[in-house]
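Per this note's numbering, the sequence shown starts with residue 505, numbered consecutively. Below you'll find the structure, written out as structure tokens, and then a few comments.
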Amino acid sequence: MIYVDSSVALAQLLFETRAPPAWLWREPLVSSRLFEYELWNRLQAYQLTGVRGDDVRAMLALVDMLEMTGSVLARALEPFPIAVRTLDGLHLATMDYMRRHAGDDLELASYDGRMQAAARALGIKIAAV
């Protein structure tokens, strides 16, 4: 299972020079509900919700969303092996919770170097995207 973060999704949606491979969207994908907020927030900032809204909805349909439960938020309050940004901490807490309680063999798909480093520090594999 692959935990997808907004850097990968936005690269696809905004036609950036580095975009994820087509195979990624055929894999079992999961993310925090925060992912949905991040996508809409960025599209609103670029004033692209009207133009790219259908693409966002189609992408979101491919990703199973994990809610921000009390257990996930409690994990986010615990220390991480390295310093993390606030939203990254919430994503990492979701991944860590999922790994601990669901037993999933989880990989992270991200273009964000800081997010990758923090995930590696938790023992989470990085998907080659």
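Note that CB positions come from ideal geometry on N, CA and C, so glycine has one too.
Query: Using the rule of at least 16 other Cβ atoms within 10 Å of the residue's Cβ for burial, across every protein chain shown, is R579 buried or exposed?; Result: buried
Query: Answer yes if the stretch 588-604 comes into contact with the stretch 529-546, meaning at least three C-beta pairs across the two stretches below 8 Å, and no otherwise.; Result: yes
Query: When burial is assigned at 16 or more other CB atoms within 10 Å of the CB, is E582 buried or exposed?; Result: exposed
Query: Given E611, which residues of its chain have a CB within under 6 Å of its CB, disregarding the five upstream and five downstream residues?; Result: I506, K629, A631
Query: In chain order, what residues of the same chain have a beta carbon less than 8 Å from the beta carbon of L528, not counting five sequence neighbours either side?; Result: I506, V508, V512, A613, A631, V633
Query: Relative to the C-alpha of V567, which residue among R530, F519, A621 is closest?; Result: R530
Query: With DSSP as the reference, please indicate the residues paired to S535 in a beta bridge.; Result: M569
Query: In three-state DSSP terms, what is E540?; Result: helix
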